[in-house]
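Numbering (the working numbering), first residue to last: 4 to 298.
Below: the structure, in structure tokens.
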């Protein structure tokens with residue numbers, strides 16, 4: 004009897020403990036649910052709230068020396084160039100300065116006879132000298148130091164080894180300027196200068212366009228350019244030998260003998276208009292004057 008009572012009391016105590024534990028668990032669950040609901044209903048923290056608040060370290064206050072204030076240096080007052088609108092009414096705008104142009108006579112000679120870099124040949128005794136390739140005509144400034152009783156000749160030969168013209172034929176020393184190729188010879192091209200000499204000689208090749216345009220005085224053979232108008236020319240020959248003036252003009256030049264004299268002579272000739280090449284053949288002094296010399 005007493006054992007039954009004791010067992011019954013023990014079971015009652017266990018049941019009471021279990022019930023108490025269940026109630027406590029339910030209470031805990033209820034508390035958790037309440038906290039979850041409360042947390043969900045609370046306003047979400049702003050992004051800045053989730054970060055730690057950092058108080059920035061105060062930067063040192065910048066002084067005016069850190070970034071200097073630059074005071075601009077006054078520029079010099081520019082020189083004012085008057086514009087066309089500032090000129091008085093009625094004045095016209097100045098024409099621009101023309102750009103330098105080639106002299107028409109030089110341009111004519113260049114187009115007709117070509118151009119090249121000057122070159123010089125020198126030697127002693129009889130020789131052959133090749134002329135500049137591809138050049139139709141050229142000036143030859145020639146000197147010779149030979150015996151007085153020995154002949155000095157300068158001749159032009161073509162590609163076939165045939166003579167085209169004799170430019171110089173004198174005795175002894177020589178100094179002067181001549182030209183070859185002033186007239187075209189169909190099928191014949193100057194290729195060689197044949198020199199006959201008893202002494203030292205030199206030849207400078209230069210373009211026809213480089214000839215002097217100063218009509219004046221000389222002492223031997225010479226080649227000049229003329230670009231003026233037609234008109235009278237006063238000619239003075241101061242040699243006892245032959246004196247000849249020949250011109251070459253136009254796009255297909257031919258030899259035009261203006262005058263040929265022997266011995267001392269002074270007179271006027273009719274001179275053609277340029278552009279033209281003027282060849283003076285003389286073994287002595289001469290003087291040319293465009294127009295009538297009234298002296």
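A virtual CB, placed ideally from N, CA and C, is assigned to each residue, including glycine.
Item	Value
Through-space distance from residue 187 to residue 256, alpha-carbon basis	8 Å
Residue 251 classed as buried or exposed, judged by whether at least 16 other C-beta atoms fall within 10 angstroms	buried
Separation of residue 242 from residue 178, as counted between CA atoms	15 Å
Residues of its chain near residue 176, where Cβ-Cβ distance is below 7 Å and the 5 sequence neighbours each way are ignored	147, 148, 149
Alpha carbon of residue 139 to alpha carbon of residue 214, nearest angstrom	15 Å
Top-ranked residue by Cα proximity to residue 206, from 258, 199, 143	143
Given 8 Å, three or more beta-carbon pairs between the stretch 212-226 and the stretch 264-272	no
Limits of the unbroken beta strand (DSSP E) element including residue 107	Element bounds for residue 107: not the beta strand (DSSP E) but the alpha helix (DSSP H), 107-116.
Element boundaries [beta strand (DSSP E), containing residue 235]	234-240
Sequence-distant residues of the same chain with beta carbon closer than 7 Å to residue 200, five excluded per side	128, 129, 147, 149, 155
Reference residue 172, options 160, 230, 211, 198, closest by Cα	198
Helix, strand or coil at residue 140 according to DSSP, with G and I counted as helix	coil
Neighbourhood of residue 246 by C-beta distance below 6 Å, restricted to the same chain and skipping five residues each side	240, 264, 285
Beta-carbon proximity list for residue 273, same chain, < 7 Å, skipping 5 on both sides	235
Reference residue 231; option with closest CA among 293, 219, 271	293
6 Å CB neighbourhood of residue 202 in its chain, flanking five on each side removed	148, 149
Residue 244 burial status per 10 Å Cβ neighbour count (16 or more: buried)	exposed
Residue nearest to residue 169 in terms of C-alpha spacing, selected from 162, 184, 163	184
Beta bridge counterpart(s) of residue 168 as assigned by DSSP	159
Simplified DSSP assignment, three categories, for residue 65	Low per-residue confidence applies at residue 65: pLDDT is 44, beneath 50, and the placement is therefore not dependable enough to give any value.
Chain C contact for residue 186 (CB, 9 Å cutoff)	The chain labelled as chain C is not found in the depicted structure, where only one protein chain is given.
Straight-line Cα distance separating residue 229 from residue 276	8 Å
Cβ-based burial, residue 208 [other Cβ within 10 Å; buried from 16]	buried
Of the residues 261, 29, 278, 204, the one placed nearest residue 126, counting alpha carbons only	204
Three-state class that DSSP yields for residue 97 in the structure shown	Reliability fails at residue 97, whose pLDDT of 48 lies under 50, so the model's placement of it is uncertain and the value that follows must be treated cautiously. Correct three-state label for residue 97: coil.
Beta carbon of residue 296 nearer than 9 Å to that of residue 249	no
Status (buried if at least 16 other CB within 10 Å, exposed otherwise) for residue 4	Because the pLDDT at residue 4 is just 47, under 50, the model does not fix this residue reliably, and the value given afterwards should be weighed accordingly. Residue 4 should be labelled exposed.
Residues bridged to residue 134 (per DSSP)	According to DSSP, which records beta bridges pairwise, residue 134 is partnered with nothing at all.
Three-way DSSP call (helix, strand, coil) for residue 28 in this model	helix
Anticipated Cβ contact below 8 Å, residue 278 with residue 112, distance rounded	7 Å
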